[in-house]
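Going by numbering that gives the first Met the number 0, 92 is the number at position 93 of the sequence shown; the sequence numbering is gapless.
We put the CB at the ideal spot given by N, CA and C, even for glycine.
Keep in mind the model is a prediction, meaning the values are calculated, not measured.
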Amino acid sequence: MKSSVFVMAAMAGMLMSCSHTKVIEYPTIEQRNSKSLEFYQVEMSDTALILHGDVYNRPGNWVRMSSSSVLKGRTTGKTYRLVRATGIELDKQEMMPESWNRSFSLQFEAVDPKDKLVDFDEALAEGNGWKIEGISLEEKEKKGMLCHIEGQVVDNPTYSRLVLVPEWTDIRSNDWISIPVRDGKFSYDLYVERPAMYELYAWSDQMNGSWMPVSFIADEGKVEFTFQHADEAAEWTSDIKLNQEYLRFQKETDDKFMIPLRKEEEALEAAGKIHTPEMLELRKQYESVNTREEAEAIRAKAQKLAAEGKEYMPEYLAFREKSAKVKEEYLTYTLAYAESNPTLIGLTQLRELTQQVQRSKELSAKDIVDVYNKVYAGKFTDNATDDYMQNWVLSQGIKVGERFIDFTAPDAKGVMHTLSEEIKGKIALIDLWASWCGPCRRESMSMKPLYESYKDKGFTIVGVAREQRREDMEAAIKKDGYPWLCLLELNDAGKIWEKYGVGNGGGAIFMVDREGKILAIKPSAEEVKAILEKML
0 MKSSVFVMAA
10 MAGMLMSCSH
20 TKVIEYPTIE
30 QRNSKSLEFY
40 QVEMSDTALI
50 LHGDVYNRPG
60 NWVRMSSSSV
70 LKGRTTGKTY
80 RLVRATGIEL
90 DKQEMMPESW
100 NRSFSLQFEA
110 VDPKDKLVDF
120 DEALAEGNGW
130 KIEGISLEEK
140 EKKGMLCHIE
150 GQVVDNPTYS
160 RLVLVPEWTD
170 IRSNDWISIP
180 VRDGKFSYDL
190 YVERPAMYEL
200 YAWSDQMNGS
210 WMPVSFIADE
220 GKVEFTFQHA
230 DEAAEWTSDI
240 KLNQEYLRFQ
250 KETDDKFMIP
260 LRKEEEALEA
270 AGKIHTPEML
280 ELRKQYESVN
290 TREEAEAIRA
300 KAQKLAAEGK
310 EYMPEYLAFR
320 EKSAKVKEEY
330 LTYTLAYAES
340 NPTLIGLTQL
350 RELTQQVQRS
360 KELSAKDIVD
370 VYNKVYAGKF
380 TDNATDDYMQ
390 NWVLSQGIKV
400 GERFIDFTAP
410 DAKGVMHTLS
420 EEIKGKIALI
430 DLWASWCGPC
440 RRESMSMKPL
450 YESYKDKGFT
460 IVGVAREQRR
470 EDMEAAIKKD
480 GYPWLCLLEL
490 NDAGKIWEKY
500 GVGNGGGAIF
510 MVDREGKILA
520 IKPSAEEVKA
530 ILEKML
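So this is what it looks like as structure tokens:
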């Protein structure tokens, strides 16, 4: 996207006269109420403070910036007025372009030097405007090894923003780094204490529910990327030796296992040997349906064909059997690599296997646990990938008949509670949920009548909310009316979800007996009631 707004912002900056200007790139913040607003640069002098940023939203939606917006100094308590805006018209609904972003700058009154932190607030009367708290006016400490990330986006204006996170981070409940794309280019300096796995992907793809993260190792050196479209994996290179080995192993396994399968499937498709003529006819009919009833009827016929084994041609059924065997060979090959290469790359491959083991007929969780304990346990301390593996190994013990995993977490007031102490001697539900998880909240609310009926008979519930902001948990509790103790898992600080094996979800419910043994995993309210009737 053309960065003319920043040229205009620079002209506005001329109002700073000849005073000394301090520029802070990617200022750190404490928290925000929306990820759709980002400030990428702060420009300060003794005459003004300018925030340069972007607002993001889907094309066709509108955004608005209020003229009532202010900065509030943390130390002095002073309020600094908005003087002018560039790139966005204040108090007007601005329609979002195809690029998903609108670049702008906001000029405020000069900030008192005593204020090292300021809060941005739209200051709307109804209180629902943008808020970004704790914007630091100090340079970020550049500590550790510098991993320089840069690259380009080719012919895809929707990729105006990239997400950078430690590998497999859930951005619904964790902070993440937002990298803007300007004129098809992007760059970012990432400082790490030790080599660590990260991933980079397009924010717009993630919002659309289908994205392809590119995993790489952040270490001293440079990583270069080229992004194109959602259905094409990004290309990347690096001068970091660990990344070079990572890419080499990816190419080796692709050449050995995946590429031959893809070519064989493409040949079958070209020869018309995938779907049966009956299924092809149904697909053709589906393309021209006019009513929902017609579509449902065709889907029912397709399901009947599939149930009768008439969906695919014999050649494709044989290919699927072969493909399953090749994928099992790939998993076995990867496990052997992880066992014989005790590096961060080997550990990363072991972690990849944890996501595929449930779909494997030959590889078991025990195989992965054995390799981890034999080769990696204690080798990579204070490493996020190793932390994940430790928690994954723990999560394998979350089974009916096994003991729950204890943890300590704060309530909304910051008071710490230890789970084992809260449920000691009682039949209990451990309710992991999140304000942003609708199904979780419905499950939680379904337990309210049971809690009221059995709380005086030796039954209790302890809820834990997976959030980025305490206020979101408090608002959800107020709306849903949970009467039991609710704790807070802020930014996955305790890795509770990973330990319970639900790291990719909003939550789950676990029922335990008086001795702490797990009675049920993800039980319905009816199942909980049946157990309580029997045990109480």
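GLY345, DSSP secondary structure in three states: helix
Opposing strand residues paired with GLN30 [DSSP bridges]: GLU132
Minimum Cβ-Cβ distance from ALA474 to chain D less than 8 Å: Among the chains of the structure shown, chain D does not appear; only one protein chain is present.
Member of THR347, LYS250, LEU199 and ALA411 whose CA lies at the smallest distance from the CA of THR225: LEU199
Status (buried if at least 16 other CB within 10 Å, exposed otherwise) for ARG440: buried
CA-to-CA distance, GLU88 to VAL82, given in whole angstroms: 13 Å
Proximity of TRP432 and ALA411 at Cβ, strictly below 8 Å: no
When ALA335, SER359 and GLN357 are compared against GLN536, the one with the closest alpha-carbon: Since the first and last residues shown for the chain are 0 and 535, residue 536 lies out of range.
Delimiting residues of the beta strand (DSSP E) encompassing GLY72: 69-72
Ranges of the alpha helix (DSSP H) found wholly within the segment 279-339, counting only runs of at least 4: 291-306 and 313-339
Burial state of TYR190 (16 or more Cβ within 10 Å): exposed
Bounding residues of the beta strand (DSSP E) (the contiguous stretch that carries GLY150): 144-152
Cβ contact (3+ pairs, closer than 8 Å) linking the segment 55-69 and the segment 88-99: yes
Contact test: SER443 Cβ vs the ligand MN heavy atom, cutoff 7 Å: Of ligands this structure carries none, so the ligand MN is not represented either.
Distance, GLU525 Cα to GLY506 Cα: 19 Å
Contact between the segment 448-455 and the segment 387-395 (3+ Cβ pairs under 8 Å): no
Beta-ladder partner(s) of ILE530, from DSSP: ILE530 pairs with nothing; no bridge assigned.
Residue range of the unbroken beta strand (DSSP E) whose run includes ARG469: That residue, ARG469, is in no beta strand (DSSP E); its alpha helix (DSSP H) goes 469-479.
CB contact flag (TYR197, LEU163, <8 Å): yes
Delimiting residues of the alpha helix (DSSP H) encompassing PRO259: 258-269
One or two residues paired with LEU486 in a DSSP bridge: VAL463
C-alpha gap between GLU532 and VAL399, whole angstroms: 19 Å
The segment 99-119 touching the segment 40-54, judged by at least three CB pairs closer than 8 Å: Contact between the segment 99-119 and the segment 40-54 is present, with at least three C-beta pairs closer than 8 Å.
Option nearest GLY345 by Cα separation, candidates PHE379, LYS255 and TRP210: PHE379
Beta-ladder partner(s) of GLU37, from DSSP: ASP53
Helix, strand or coil at GLN106 according to DSSP, with G and I counted as helix: Correct three-state label for GLN106: strand.
Nearest residue (CA-CA) to HIS228, options THR27, PRO156 and TYR285: Nearest C-alpha to HIS228: PRO156.
The segment 124-133 in contact with the segment 27-34 per 3-pair CB rule at 8 Å: Contact between the segment 124-133 and the segment 27-34 is present: 3 or more CB-CB pairs across the two stretches fall below 8 Å.
Of the listed residues ALA492, SER214, ASP218 and TRP99, nearest to ALA232 (C-alpha basis): SER214
Same chain, Cβ closer than 6 Å to GLU192, five either side skipped, listed in chain order: GLY143
Local conformation of VAL374 per DSSP, three classes: For VAL374, the three-state secondary structure derived from DSSP is helix.
Distance, PHE406 Cα to MET15 Cα: In this prediction, MET15 has a pLDDT of 48, which is less than 50 and means its spatial position is unreliable; what the coordinates show is noted afterwards. Their Cα atoms are separated by approximately 53 Å.
Per-residue burial, LYS141 [other beta carbons within 10 Å of its own, 16 or more giving buried]: exposed
Coarse secondary structure for VAL62, derived from DSSP in three states: strand
3-residue-minimum beta strand (DSSP E) runs that sit fully inside the segment 184-249, ordered along the chain: 184-191, 195-201, 213-217, 220-226 and 234-237
Distance between ALA474 and MET534 (C-alpha atoms, nearest Å): A direct Cα-to-Cα measurement between MET534 and ALA474 gives close to 34 Å.
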